[in-house]
Each structure stands twice: as structure tokens, then as C-alpha cells.
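K.L.:
Below is one structure. I have some questions about it.
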Amino acid sequence: MLRLATAGESHGPALVGVLSGLPAGLVLDRDAIDADLARRQQGQGRSPRQRIEQDRVEVLAGLRHGRTLGTPLAIVVRNRDHENWQWGMSPWRPEGEPEGKGTKPVTLPRPGHADLAGALKYGHEDIRDVLERASARQTAITVAAGAVAKALLAHLGVAVAGAIVDEGSVEDARADRDTVGGVIEVRASGAPPGLGSYASREDRLDARLGAALMGIQAVKGVEIGDGFALAGLRGSEAHDEILPGFTRETNRAGGIEGGVSNGEEIVVRAAMKPLPTLMQPLRSVDLRSGAPGEALVERSDVSAVEALSVVAEAAVAFELARAAREKFGGDALGDFVAAHRAYLERIPWRPR
Ligand code: EPS
């Protein structure tokens, strides 16, 4: 079973991930992983933070001479900005006088962020103890793990790509000192029929992709294929007829029927809300005094929709790789690939 455990705070020393369940013998390309990390950092509307960070993957375990060992792969992306937060984000009790950033407690929760609910839940008095982990900085590890998943999927002829569908005007929002959201789409080609299962909720590929996308910061909606638009159609207009050779002329289902991939392109979309850190803050209430005030103002992105297209691509790739590992198994990469080949010999389906 492919699994990803993660840890890391936005301005702490590093983000870390442990990826288990990879087969042995998968060749990883450090440049390809770093290229995806760089794609995530680009885009209109990003915070000045991105001029400080130059995300690069480090591997601490599970890889030898560029090939996976079949053991847990430990990855790290360091936060260069930690240098400016050494006292404020010191994992151990800091020594010396407070200096740098993050020394003063945050007590005014931002509407739309995890700040208030997180502080109440965990009993934190400084909202920084919430926001550092809730931050979308964490998505760097999602992207690094997704790049590994894409390397695995390439052996099955599966390719995954994210793109922006819709985004508010970043320049207008920046001029107004406001933020925007948008919609992204991820398409996966080459996935065979039979990933996921109708058998139970946790097996359904659509539910799994939904959870993968909703698990990304600021995502508020997900649809598969024509999604919400299908609700307004008649059944005769909504489904994709099966033609000789088991092909389809339409793909309204987005490549998933009954929770199982059907061999068509997998198409998913995610809606991102406008980011909640505002330069003209909304009303809030001080966590300690209960007095009305204005929410925390911090350096932040005007938009992260382009970043979301890269993060969502990685999240979808990871979930498809997880479903493929379940279906084709194998401790060695060759076993995994051979099981896929044998399956394709059994079924009347050819990738297009
Ligand atoms: C984020 C707030 C900003 C973003 C951050 C996500 O952080 P900072 O206050 O350090 O500028 O830049 O995103 C990243 C650092 C990143 O690498 O994507 C938030 O509150 O979620």
C-alpha cells in the first residue's frame, strides 16, 4: 500500500515526508522532482516568500544511486525562510533574546483560515501554533511525492497534467489589496479500466480523488467529469454510450463509473476559495481578551490558483499510483509492470 506521512511547519526548519509502499528499482530523477517544485512556486499572485524559497528535494533514505530500495523513501524540503524565524520557530526552547520573526503571539484569528477552530481545538494561545502547520507551504511535499508517483505511473503509460480553468483577475485584486480564487482541472490519460472499486466507499476512485483534492488547503469544491452540470440533465443526455470496441464518443463521467476507472481520460476539477489572509482585514475577535478587532495581517499570496494546478496534479497522481499499487502489486518494479501487462492482455482495452 502506497502511503505518505508528512510533517513540517511553514517557517520551521523543513518539510518532511515518508513515502512507503514503492516498489524497488524505480529510477528517480532529482531534476524532474525539482522542476515540479519550481512549477509550484511560480504563478501570478505569489507571495514575496517565493523569492526567498528555492525548493529542492533532499532524500535521506530509501534510495541508492537514484533507484528505490523498496523501503520507505524519506524526503525533505528545507524552508530557507527559517533563517529569519530561528528564535520564533525554534523547535527547542529558544536561547537568548527574542529576535527575528514570529516572536509576538498572534491572537486575532483570520476568518477563513484554521486559526480560530485550531486554537480552540488544541488549546493554543498563540495562533502561530495553528497557522504554521495549516499553511499551504505543506503542499511542497505533496508535489515532491506526486513527482515520485508520476515516475511510477509513467511505467504504466499514465500521464497526469493540471491546468487552470478559471481565475479571478490577480492584478485587479492586488491593486485592491484583496485576494482571488479559481478553478483548476487535472486530466490523467492512459489509466486502465479497473482502478478503484465499487465494492465499498473507501475503495471508490472518485471518493478517493475527492478526498485527495479536498485535502489541499483552500479547496472548497470538487467535481468529477461534468460533475454538478450532470444534475441538470436527463439520463439520456448524461451518460457516455458504449460503442463497438468498447469505446466512447463522450466522457461526461470523467473516466470513472461506479467508483472505478473505465479507461477513458480521468477528469477532475477543484475550486479554490480566495485566500483568507487579507491586507485589508475582516472583522475578528481577540482570542485572549474577547475584544473586537481586525484579523491578522501577514505577508501572503494574492492568488495561488496556478500553484493549486500543480499541487492537484501531484495529489491526483499520488492517488492513481496508490490505486495502481493495489491493483498490480509487486515488490520489484518489474513485477508491477508485468502484472499491468498481463492484465491488459486479458481485457479488451487499449490506451488511446
Ligand atoms: C500561506 C501563507 C504564505 C504563503 C504560503 C502559504 O506564507 P508566508 O506568510 O510565509 O508568505 O507564502 O505558501 C508558501 C510558503 C508556499 O511555499 O507555498 C498560508 O497561510 O497558507
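Anchor point for the sequence shown: position 172 equals 172 in our numbering, and the numbering is continuous, going up by one each time. For each residue, glycine too, the CB sits at the ideal point set by N, CA and C.
Using only alpha-carbon positions, find the residue among His113, Trp85, Leu108, Val106 that is nearest to glycine 100.
P.N.:
In the sequence shown, residue 100 corresponds to position 100, counting from 1. Comparing Cα-Cα distances from glycine 100 to each of His113, Trp85, Leu108, Val106, the minimum goes to Trp85.
K.L.:
Please classify glutamate 345 as buried or exposed, where buried requires at least 16 other C-beta atoms within 10 Å of its C-beta.
P.N.:
Residue 345 sits at position 345 when you count from the first residue of the sequence shown. Classification of glutamate 345: exposed, given that the 10 Å Cβ count is below 16.
K.L.:
Can you give the beta carbon distance from valine 392 to valine 316, rounded, assuming they're within the 8 Å contact cut?
P.N.:
Not covered by the structure: residue 392. The range shown for the chain is 1 to 352.
K.L.:
When you measure from the CB of aspartate 301 to every non-hydrogen atom of ligand 1, does any distance come out below 8 Å?
P.N.:
Counting from 1 along the sequence shown, the entry for residue 301 is found at position 301. Correct: aspartate 301 has its Cβ closer than 8 Å to ligand 1.
K.L.:
Run through DSSP, which three-state label would methionine 214 get?
P.N.:
The count along the sequence shown starts at 1 and reaches residue 214 at position 214. DSSP places methionine 214 in helix when its eight states are reduced to three.
K.L.:
Could you give the distance in angstroms between the alpha-carbon of proline 274 and the alpha-carbon of valine 158?
P.N.:
Here residue 274 corresponds to residue number 274 of the sequence shown, with the count starting at 1. Here residue 158 corresponds to residue number 158 of the sequence shown, with the count starting at 1. Each residue's Cα considered, the two are about 32 Å apart.
K.L.:
Check for me: the beta strand (DSSP E) holding threonine 6 runs from which residue to which?
P.N.:
Within the sequence shown, numbered from 1, the residue matching residue 6 stands at position 6. Residues 3–8.
K.L.:
Quick check: is any heavy atom of ligand 1 less than 8 Å from the C-beta of aspartate 240?
P.N.:
The count along the sequence shown starts at 1 and reaches residue 240 at position 240. No.
K.L.:
Check the C-beta distance from glycine 132 over to serine 10 and give it rounded, since I have them as a contact under 8 Å.
P.N.:
As a working note, residue 132 is residue 132 in the sequence shown. As a working note, residue 10 is residue 10 in the sequence shown. Correcting the residue identity first, residue 132 is glutamate in this sequence and not glycine. Sure, about 5 Å apart at Cβ, within 8 Å.
K.L.:
Could you give the DSSP three-state label for leucine 287: helix, strand or coil?
P.N.:
Counted from its first residue, the sequence shown places residue 287 at position 287. The answer is coil: DSSP assigns leucine 287 none of H, G, I, E or B.
K.L.:
If you reduce the DSSP assignment to three classes, tell me which class alanine 149 lands in.
P.N.:
Start at 1 with the first residue of the sequence shown, and residue 149 comes out as number 149. Correct three-state label for alanine 149: helix.
K.L.:
Please classify threonine 179: is it buried, with 16 or more other beta-carbons within 10 angstroms of its beta-carbon, or exposed?
P.N.:
To locate residue 179, count along the sequence shown from 1; it is residue 179. Per the 10 Å Cβ criterion, buried.
K.L.:
Report yes if the C-beta distance between valine 186 and alanine 163 is below 9 Å; otherwise report no.
P.N.:
Your numbering for residue 186 matches position 186 in the sequence shown. Your numbering for residue 163 matches position 163 in the sequence shown. Their beta carbons are under 9 Å apart, which means valine 186 touches alanine 163 by this criterion.
K.L.:
Could one say the Cβ of aspartate 335 lies closer than 9 Å to chain D's Cβ atoms, at least one of them?
P.N.:
Given the protein chain composition of this structure (a single chain), no chain D is represented.
K.L.:
Using 9 Å as the threshold, is the C-beta distance between glycine 8 and leucine 15 below it?
P.N.:
Translated into positions along the sequence shown, residue 8 becomes position 8. Translated into positions along the sequence shown, residue 15 becomes position 15. For glycine 8 and leucine 15, yes; Cβs fall inside 9 Å.
K.L.:
Are there any heavy atoms of ligand 1 lying less than 8 Å away from the beta-carbon of leucine 116, as far as the coordinates show?
P.N.:
On the sequence shown, position 116 is the one that residue 116 refers to. Flag unset: Cβ of leucine 116 not near ligand 1.
K.L.:
Under 7 Å Cβ to Cβ from proline 357, same chain only, skipping five residues before and after it: list those, please.
P.N.:
The first residue shown for the chain is 1 and the last is 352, placing residue 357 beyond what the model contains.
K.L.:
CA-CA distance, alanine 147 and glycine 255?
P.N.:
The residue labelled residue 147 in the question sits at position 147 within the sequence shown. The residue labelled residue 255 in the question sits at position 255 within the sequence shown. So the two alpha carbons sit approximately 22 Å from each other.
K.L.:
Can you tell me the Cα-Cα spacing of leucine 22 and proline 105, whole angstroms?
P.N.:
As a first step, residue 22 must be located in the sequence shown, where it is residue number 22. As a first step, residue 105 must be located in the sequence shown, where it is residue number 105. Cα-Cα distance, rounded: 41 Å.
K.L.:
Leaving out the 5 sequence neighbours to the left and right, which residues in its chain are closer than 8 Å to alanine 151 when beta-carbon positions are compared?
P.N.:
Within the sequence shown, the letter at position 151 stands for residue 151. So the list reads Leu26, Val27, Leu28, Asp29, Ala32, once near-sequence residues are dropped.
K.L.:
For the alpha helix (DSSP H) that isoleucine 33 lies in, which residues bound it at each end?
P.N.:
Position 33 of the sequence shown, counted from the first residue, corresponds to residue 33. Looking at the DSSP string, the run of the alpha helix (DSSP H) that includes isoleucine 33 is 30–41.
K.L.:
Give the DSSP bridge partners of glycine 293, in chain order.
P.N.:
Here residue 293 corresponds to residue number 293 of the sequence shown, with the count starting at 1. Note: glycine 293 sits in a beta bridge opposite Ser284.
K.L.:
According to DSSP, is glycine 182 part of a helix, a strand, or is it coil?
P.N.:
Here residue 182 refers to the residue found at position 182 of the sequence shown. In this structure, glycine 182 counts as strand in the three-state DSSP scheme.
K.L.:
How many whole angstroms separate the CB atoms of arginine 204 and glycine 259, which I take to be in contact at a CB cut-off of 8 Å?
P.N.:
Along the sequence shown, one-based indexing puts residue 204 at 204. Along the sequence shown, one-based indexing puts residue 259 at 259. Confirmed, Cβ separation roughly 3 Å.
K.L.:
Mind checking glycine 43: buried by the 16 CB within 10 Å criterion, or exposed?
P.N.:
Locating residue 43 in the sequence shown gives position 43, counting from the first residue. By the 10 Å Cβ count, glycine 43 comes out buried.
K.L.:
Closest by CA to proline 192, which one among Thr6, Val337, Gln41, Leu230?
P.N.:
Here residue 192 corresponds to residue number 192 of the sequence shown, with the count starting at 1. Of the candidates Thr6, Val337, Gln41, Leu230, the one whose C-alpha sits nearest the C-alpha of proline 192 is Val337.
K.L.:
Which same chain residues, not among the five before or five after alanine 270, have their C-beta less than 6 Å away from its C-beta?
P.N.:
One-based indexing of the sequence shown puts residue 270 at position 270. Same-chain partners within the cutoff: Ile184, Leu213, Val219, Val222, Ala312.
K.L.:
Leaving out the 5 sequence neighbours to the left and right, which residues in its chain are closer than 6 Å to alanine 314 when beta-carbon positions are compared?
P.N.:
To locate residue 314, count along the sequence shown from 1; it is residue 314. Cβ neighbours of alanine 314 beyond the five flanking positions: Thr142, Val143, Gly146.
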